[in-house]
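**Student:** Residue numbers (my numbering): 11 to 404.
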Amino acid sequence: MLANRRIVLGVTGGIAAYKAVLLCRMLVDAGAHVIPVMTESAQRFVGKATFDALASEPARTSIFDDPDPIPHTTLGQTADLIVVAPATARIIGSYASGISDDLLTATLIATRAPVVICPAMHTEMWEHPAVQDNLKLLEQRGVHLVAPEEGHLAGGDLGAGRLAAPEAIYEAIENTLSNGDLQGRTVLVTAGGTREAIDPVRYVGNRSTGKQGYAVAEAAKARGATVTLISTVAAAAPNGVEVVRVESAAQMHAAVLERSEADVIVMTAAVADFRPVTASDSKIKKVEGPPKLKLEPTPDILAELGALKKPGQVIVGFAAETEDLASHAQSKLERKNVDVIVANDVSAPEVGFAYDTNEVTIFVADGCQRHVSLRSKRQIAEEVLDTVGQILVR
11 MLANRRIVLG VTGGIAAYKA VLLCRMLVDA GAHVIPVMTE SAQRFVGKAT FDALASEPAR
71 TSIFDDPDPI PHTTLGQTAD LIVVAPATAR IIGSYASGIS DDLLTATLIA TRAPVVICPA
131 MHTEMWEHPA VQDNLKLLEQ RGVHLVAPEE GHLAGGDLGA GRLAAPEAIY EAIENTLSNG
191 DLQGRTVLVT AGGTREAIDP VRYVGNRSTG KQGYAVAEAA KARGATVTLI STVAAAAPNG
251 VEVVRVESAA QMHAAVLERS EADVIVMTAA VADFRPVTAS DSKIKKVEGP PKLKLEPTPD
311 ILAELGALKK PGQVIVGFAA ETEDLASHAQ SKLERKNVDV IVANDVSAPE VGFAYDTNEV
371 TIFVADGCQR HVSLRSKRQI AEEVLDTVGQ ILVR
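#1: In the DSSP assignment, what residue or residues form a beta bridge with Ser241?
#2: Indicate whether the contact test is met: 3 or more Cβ pairs, each with one atom in the stretch 155-167 and one in the stretch 108-117, closer than 8 Å.
#3: Cα-Cα, which of Ile80, Val94, Phe74 is closest to Pro46?
#4: Can you check DSSP and say which residues form a bridge with Met48?
#5: Would His381 be called buried (16 or more neighbouring beta carbons within 10 Å of its own) or exposed?
#6: Look at the Cβ atom of Gly215, then the Cβ atom of Ser241, and state whether they are nearer than 8 Å.
#7: Please confirm whether Val141 and Met135 have their CB atoms less than 8 Å apart.
#8: With DSSP as the reference, label Asp39 as helix, strand or coil.
#9: Classify Leu305 as buried or exposed, calling it buried when 16 or more other Cβ atoms lie within 10 Å of its own Cβ.
#10: Could you round the C-beta distance between Arg54 and Gly23 to whole angstroms and report it? I think they count as a contact, below 8 Å.
#11: Compute the distance between the beta-carbons of Val256 and Ala244, then report whether it is under 8 Å.
#12: What does DSSP give as the partner residues of Thr371 in its beta bridges?
#13: Check whether the Cβ atoms of Val197 and Ala232 lie closer than 8 Å to each other.
#14: If I measure Cβ to Cβ from Val18 and keep anything under 7 Å in the same chain, skipping five residues before and after, which residues do I get?
#15: Can you tell me whether Arg100 is helix, strand or coil according to DSSP?
#16: Could you tell me which residues DSSP puts in a beta bridge with His154?
#17: Which residue comes first and which comes last in the beta strand (DSSP E) that contains Arg423?
#18: Under the rule that 16 or more other beta-carbon atoms within 10 Å means buried, what is Phe373, buried or exposed?
#19: Which word fits Ala339, buried or exposed, when buried means at least 16 other C-beta atoms lie within 10 angstroms of its C-beta?
#20: Smallest Cα separation from Leu402: which of Ala272, Thr371, Pro68, Ser218?
#21: Could you spell out the range, first to last residue, of the beta strand (DSSP E) harbouring Ile325?
#22: Just how far apart, CA to CA, sit Thr200 and Leu32?
#23: What do you reckon, are the CB atoms on Lys293 and Pro359 nearer than 8 Å?
#24: Counting Cβ pairs, one atom from each stretch, are 3 or more of them under 8 Å apart for the stretch 138-152 and the stretch 170-188?
#25: Quick check on DSSP: helix, strand or coil for His162?
#26: Exposed or buried, which one is Leu192 when buried takes at least 16 other CB atoms within 10 Å?
#27: Just to confirm my understanding: we take Ala65, look at its own chain, exclude 5 residues before and 5 after, and list those with CB closer than 6 Å. What are they?
#28: What's the gap between the Cα of Gly322 and the Cα of Ser72?
#29: Could you give the first and the last residue of the continuous beta strand (DSSP E) run that contains Val274?
#30: Could you check if Ala280 is buried or exposed, using at least 16 other CB atoms within 10 Å of its CB as the buried criterion?
#31: My assumption, with CB atoms under 8 Å, is that Pro96 sits in contact with Ala30. Please give the rounded CB distance.
#32: Could you check if Lys387 is buried or exposed, using at least 16 other CB atoms within 10 Å of its CB as the buried criterion?
#33: Between the alpha carbons of Leu395 and Ile325, how many angstroms are there, rounded?
#34: Reducing DSSP to helix, strand and coil, say where Tyr105 ends up.
#35: Given a cut-off of 8 Å on the beta-carbon distance, is the pair Leu335 and Asp349 in contact?
#36: My output table needs one value for Val297: the three-state DSSP class, helix, strand or coil.
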């Protein structure tokens, strides 16, 4: 979603300016073209060289020392979005009053792009009526506000006014730029590999880390959906996403069927195909010799969802293959009665389990198929949800 988007990152003079460095890195990693604009006071907290090294372009600091004769107009006209993090009381007041006394305020006034403001200041300043009035005025004009959090402030104080976490600001940027094609929709995503107990210590499992499922959940939330993630991994919950923890295929089966009324279900989890018929209540000792495992099939969750599929619902399955990818994926698409199968060759370099990248072919029930070359799992998630969005509007 952020790939190739031009984002002006305004940084003002607050102790929280260091968090803008983390935000800059997150945006660049997502493929955005980031242009930092620093106020004079911001440079007293974070060096320009830091942003020069991390951003897509060197940081801009002055209208008059810029090679562009009208940098504020160029930046304002070419930006897809402007975010100010941290935003001090001064910058908020100048912007609300239309005072262009530096490059950043001039750029804010010279743009028609969406603007995200992230205030950060001491509690007394945050609660001052003038600051609150200025923020209300900006919101009335369509500016997006990421409210500060409560927590530790400069000087050891504690209270409201702490800059929102970079992850929350990143999510707000995504939401602002999102086309909102999943607004009002419920999306259920599964992630990770199930574990089928042999004894209290050992299990039958697979290599899935849940990274692709988490990427899908984050992307769906950014598109406006209400998202539930059923996960077997202990990763932190994506912002705004409800997470249901499970371990075995049976637990995932129960959790998914309980929520099977979702508008969209994306089954990225690698659910074990087989499990031991019985599991030992105590650890099997090595001296006893290798256990003789008798296996039985686990519930076919995707097939059950396909059989229960209601009109207008979109169900997406994943297929991790090592050979004959197209034929296996097409067969699974038909047998399971689902709308989409996302297939990948997990024997290929940097594809599939544990990697941050993936390469897939998306097979659709109407006969369409599309190859998506190697890229980040978040970008793969966007491609999958683009396909879901196209099906939903038919």
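Built from N, CA and C at the ideal position, the CB exists for glycine as well.
Quick caveat, the model's predicted, so the values are computed rather than measured.
**Tutor:** Checking against the coordinates, here is how it stands:
#1: DSSP links Ser241 through a beta bridge to Ala201, Arg255.
#2: No, the stretch 155-167 does not touch the stretch 108-117.
#3: For Pro46, the nearest C-alpha among the options comes from Val94.
#4: Listed as beta-bridge partners of Met48 by DSSP are Val21.
#5: Exposed is the call here.
#6: No, the Cβ-Cβ distance between Gly215 and Ser241 is not below 8 Å.
#7: In this structure, Val141 places its C-beta atom within 8 Å of the C-beta atom of Met135.
#8: Of the three classes helix, strand and coil, the one that applies to Asp39 here is helix, per DSSP.
#9: By the 10 Å Cβ count, Leu305 comes out exposed.
#10: At roughly 6 Å, the Cβ-Cβ gap stays under 8 Å, so Arg54 and Gly23 are in contact.
#11: No; because the gap between Cβ atoms is not below 8 Å, this pair is not in contact.
#12: Answer is Ala353, His381, bridged to Thr371.
#13: Against a cut-off of 8 Å, the Cβ pair of Ala232 and Val197 comes out as no contact.
#14: The residues are Ile45, Val47, Leu85, Ala89, Ile92, Thr117.
#15: Arg100 sits in a helix when the DSSP states are folded into three classes.
#16: Here His154 is bridged, per DSSP, to Val126.
#17: Since the first residue shown for the chain is 11 and the last is 404, residue 423 is missing from the structure and cannot be characterised.
#18: Under this definition Phe373 is a buried residue.
#19: Sixteen is the threshold: when 16 or more other Cβ atoms of the shown chains lie within 10 Å of the Cβ of Ala339, as they do, the residue is buried.
#20: Relative to the Cα of Leu402, the nearest Cα in the group Ala272, Thr371, Pro68, Ser218 belongs to Ala272.
#21: For Ile325, the enclosing beta strand (DSSP E) begins and ends at 324-331.
#22: Leu32 has its alpha-carbon roughly 29 Å from the corresponding atom of Thr200.
#23: A distance of 8 Å or more separates the beta carbons of Lys293 and Pro359.
#24: The stretch 138-152 vs the stretch 170-188: no contact.
#25: Taken through DSSP and simplified to helix, strand or coil, His162 comes out as strand.
#26: Answer is buried; the Cβ neighbour count reaches 16.
#27: Closer than 6 Å at the Cβ level, and outside the excluded window around Ala65, lie Cys34, Val44, Pro46.
#28: Between Gly322 and Ser72, the alpha-carbon positions lie close to 53 Å from each other.
#29: Its beta strand (DSSP E) spans residues 274-277.
#30: Looking at its Cβ environment, which holds 16 or more other Cβ atoms inside 10 Å, Ala280 is buried.
#31: Correct: roughly 7 Å between the Cβ atoms.
#32: The residue is buried, with at least 16 neighbouring Cβ atoms inside 10 Å.
#33: Going by the C-alpha atoms only, they are around 11 Å apart.
#34: Reduced to three states, the DSSP call for Tyr105 is helix.
#35: With a cutoff of 8 Å on beta-carbon distance, Leu335 and Asp349 are scored as not near each other.
#36: The answer is helix: DSSP assigns Val297 an H, G or I state.
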